[in-house]
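Undergrad:
Numbering (my numbering), first residue to last: 1 to 645.
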């Protein structure tokens, strides 16, 4: 693949390459590994500074012919993630053969202090997993190589919980699930759904989490949601976990995710090479300026833009932020709030210099006059931060403008990595929902044809990012109330008021153990409103109307239990059902009024929908947009990706 000869590899610290056994080399073959059954009860997660890592055995030459998800087809590894020394010229060349060989080297320079994750894997655990799961030989070699170049560092978890890339991988799996021949095991699906949708479960599993997982998993098995053979296996393995460290559950999840990643890229179309694997899953912390320099100055990196428009757009908008950070930052603003057109003041000059530093104002104008040009620039910048474009600088705008250039640079780089996990929309007609901006856009051949505010998941009940297709519109829906809400809210309310269900138009559908299945009847008070839009997924996320229309005027609309509430459900229904005979705006309005009876409509041409988590992205005009980090994803990822400023 073009660009491999532009990616020199510096394995261990100081540029020395760590030795690693390969067939035909002069190194000694490592001793045989223990039987899987003998290592299954070891404590398999350990911090690097407490134990010496074991070398993996049986490494072969770099795999060839791997194929990947379409969006990865043109990915090019940014040099820094391959372990280069800071300051190395990222444009120097080595041969393709040398690059391939270098990729097999264990990077012994990765330590607890500079690693992306603070967790390291016992290589025996990897071999035990490969044996127990009967992983095919070619996939097993890819897994070994994947961990070897990471120095057996975890890819998907830290001691604080799931990483950005774990969310990206699982969202990508959800986006591609229908295309895959081999699905993720049900136990992995349950585990990831639990980890990614519940804050309490997103931390490193402890005894409580193991017990909770056992209860939910065995309950799921009883209700038939797991195949019988998988149920027995899960019950056995979960029972075994009760007597050993809970860390082993995280090891199994980590390895299962890597196996799923290998399967995912193996079953999807497009070219793939080891070189682009590691930008997807960072290995070590870097200085943000070093990483940005590698991205901007490597000619081969332009390949990324061919398969990922948002990545390319973010890269195109990166230079002024990189230059400002490299120059030591931009001037801090004070006293600029309330400035208006026509005023003359020293604070006007400060404002112009600050906007010029980020490329939002001509650099040559440093006068004290608040001009028409500055008025237009202030309005544009206010819109960039999701503020009302009044043209008058506010305290809110000054807070955004005073965020240090280094932090903005890190924010952009985090979102560039995030973009690589998001497949491009299929076709011009699609729906895009960005969680941090709390907005829905619907697209047609001419671009965005509709936009509306939405309500997204609150912190602790986050709306997951993934792609799917709206396949069903349900008018006057029942609301099948999630068990967690029944347990947390409805049962206590029923104890206080025996008529609670009747007052809220609810009914018990089935009594299951101690927690009943409850649903709310169709009608004006139904929590889902008059219509919902389904795209089946493991997260149980969908779009729906709401009777609480007043919430859409709030600035912070992270208020739901994970689903997305839409402000204009009738307009969205008309968009989704466009072209279906008989579904005129009048019929849609009549269906939404309804007669208390649920009506399901299959969408003949399912509409692609993409849910993303961009706190920095480039709009259609190429201008960067910035939004608040609702779930704290940026803050956690920045701490893992970058060295201290």
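All C-beta atoms in this analysis are idealised placements derived from N, C-alpha and C, irrespective of residue type, glycine included.
With a threshold of 8 Å, are at least 3 pairs of Cβ atoms found where one atom belongs to the stretch 494-501 and the other to the stretch 630-639?
TA: As far as the Cβ criterion goes, the stretch 494-501 does not touch the stretch 630-639, which means the pair count is below three.
Undergrad: For residue 115, does the three-state DSSP call read helix, strand or coil?
TA: Residue state, collapsed to three classes: strand.
Undergrad: Quick one: residues in its chain with C-beta nearer than 7 Å to the C-beta of residue 444, no 5 flanking neighbours on either side, listed in chain order?
TA: Cβ neighbours of residue 444 beyond the five flanking positions: 428 and 429.
Undergrad: How would you write the range of the alpha helix (DSSP H) that residue 639 sits in, first residue to last?
TA: Element bounds for residue 639: 633-641.
Undergrad: Less than 8 Å between the C-beta atoms of residue 526 and residue 477, yes or no?
TA: For residue 526 and residue 477, yes; Cβs fall inside 8 Å.
Undergrad: Across which residues does DSSP place residue 447 in a beta bridge pair?
TA: The partner list for residue 447 (beta bridge, DSSP) reads 444.
Undergrad: For residue 622, count neighbouring Cβ atoms within 10 angstroms of its own Cβ and tell me buried if that reaches 16, exposed if not.
TA: Result: exposed.
Undergrad: Over the uninterrupted beta strand (DSSP E) stretch that includes residue 518, give me the two end residues.
TA: Counting along the chain, the beta strand (DSSP E) containing residue 518 begins and ends at 515-520.
Undergrad: Beta-carbon separation of residue 361 and residue 450 under 8 Å?
TA: It is not a contact, given that the beta carbons lie outside the stated cut-off.
Undergrad: Looking only at C-alpha atoms, which of 492, 283, 126 and 538 sits nearest to residue 140?
TA: Minimum Cα distance to residue 140 is reached at 126.
Undergrad: Okay, do the stretch 258-265 and the stretch 180-194 touch, 3+ Cβ pairs below 8 Å being the bar?
TA: Touching, yes.
Undergrad: Contact between the stretch 515-532 and the stretch 461-478: three or more CB pairs below 8 Å?
TA: Contact between the stretch 515-532 and the stretch 461-478 is present, because at least three Cβ pairs lie under 8 Å.
Undergrad: Less than 8 Å separating the beta-carbons of residue 404 and residue 629?
TA: No, the Cβ-Cβ distance between residue 404 and residue 629 is not below 8 Å.
Undergrad: Between which two residues does the beta strand (DSSP E) holding residue 602 run?
TA: Taken as a continuous stretch (DSSP letters only), the beta strand (DSSP E) holding residue 602 covers 599-612.
Undergrad: Quick one: grab the DSSP three-state call for residue 169.
TA: Helix.
Undergrad: Using only alpha-carbon positions, find the residue among 325, 391 and 395 that is nearest to residue 411.
TA: Checking every option, the nearest Cα to that of residue 411 belongs to 325.
Undergrad: Could you check the C-alpha separation between residue 135 and residue 129 for me, to the nearest Å?
TA: So the two alpha carbons sit approximately 8 Å from each other.
Undergrad: Answer yes if the stretch 141-149 comes into contact with the stretch 611-625, meaning at least three C-beta pairs across the two stretches below 8 Å, and no otherwise.
TA: Because the criterion of three Cβ pairs below 8 Å is not met, the stretch 611-625 and the stretch 141-149 do not touch.
Undergrad: Counting Cβ pairs, one atom from each stretch, are 3 or more of them under 8 Å apart for the stretch 336-351 and the stretch 306-316?
TA: No: fewer than three Cβ pairs fall under 8 Å.
Undergrad: Could you check what DSSP says for residue 29 in three-state terms: helix, strand or coil?
TA: In this prediction, residue 29 has a pLDDT of 35, which is less than 50 and means its spatial position is unreliable; what the coordinates show is noted afterwards. In this structure, residue 29 counts as coil in the three-state DSSP scheme.
Undergrad: Take the Cβ of residue 66 as the centre, count every other Cβ of all protein chains shown within 10 Å, and call the residue buried at 16 or more, exposed below.
TA: Because residue 66 sits at a pLDDT of 29, beneath the cut-off of 50, its placement in the model cannot be relied upon, and the following sentence gives the value as read from the coordinates. Residue 66 comes out buried.
Undergrad: For the pair the stretch 283-291 and the stretch 593-611, tell me if three or more CB-CB distances fall below 8 Å.
TA: No, because fewer than three Cβ pairs between the stretch 283-291 and the stretch 593-611 fall closer than 8 Å, the two stretches do not touch.
Undergrad: Going straight from the alpha carbon of residue 423 to that of residue 344, what length do you get?
TA: Their backbone Cα atoms lie some 49 Å apart in a straight line.
Undergrad: Is it buried or exposed, residue 529, if we count other Cβ atoms within 10 angstroms and call 16 or more buried?
TA: Classification of residue 529: buried, given that the 10 Å Cβ count is 16 or more.
Undergrad: Can you tell which of 253, 538, 625 and 398 has the C-alpha that lies nearest to the C-alpha of residue 335?
TA: Checked all of 253, 538, 625 and 398; the closest Cα to residue 335 is 398.
Undergrad: Can you tell which of 294, 440 and 409 has its C-alpha closest to the C-alpha of residue 452?
TA: Checking every option, the nearest Cα to that of residue 452 belongs to 440.
Undergrad: Whole angstroms are fine: how far does the CA of residue 465 sit from the CA of residue 204?
TA: Legend: pLDDT at residue 204 = 34, less than 50; position of this residue unreliable, no value from coordinates given.
Undergrad: According to DSSP, what are the bridge partners of residue 344?
TA: DSSP, once it has assigned bridges, lists 369 as partnering residue 344.
Undergrad: So residue 467 is in the beta strand (DSSP E); what residue range does that whole segment cover?
TA: Taken as a continuous stretch (DSSP letters only), the beta strand (DSSP E) holding residue 467 covers 466-475.
Undergrad: Looking at the structure shown, is residue 534 part of a helix, part of a strand, or coil, going by DSSP?
TA: Here residue 534 sits in strand by DSSP.
Undergrad: Considering Cα atoms alone, identify which of 376, 294, 417 and 316 is closest to residue 167.
TA: The candidate whose alpha carbon is nearest that of residue 167 is 417.
Undergrad: For residue 579, which of 604, 612 and 545 has the nearest alpha-carbon?
TA: The shortest Cα separation from residue 579 among 604, 612 and 545 belongs to 604.
Undergrad: Does residue 315 pass the burial test, meaning 16 or more other C-beta atoms within 10 Å, or should it be called exposed?
TA: With 16 or more Cβ atoms within 10 Å of its Cβ, residue 315 is classed as buried.
Undergrad: Measuring only the C-alpha atoms, how far is residue 532 from residue 176?
TA: Each residue's alpha carbon lies about 23 Å from the other.
Undergrad: Rounded to a whole number of angstroms, what is the C-alpha to C-alpha distance between residue 542 and residue 406?
TA: Their Cα atoms are separated by approximately 37 Å.
Undergrad: How many angstroms separate the CA atom of residue 97 from the CA atom of residue 421?
TA: For residue 97, the predicted model reports a pLDDT of 46, less than 50, meaning its position is unreliable and no value from the coordinates is stated.
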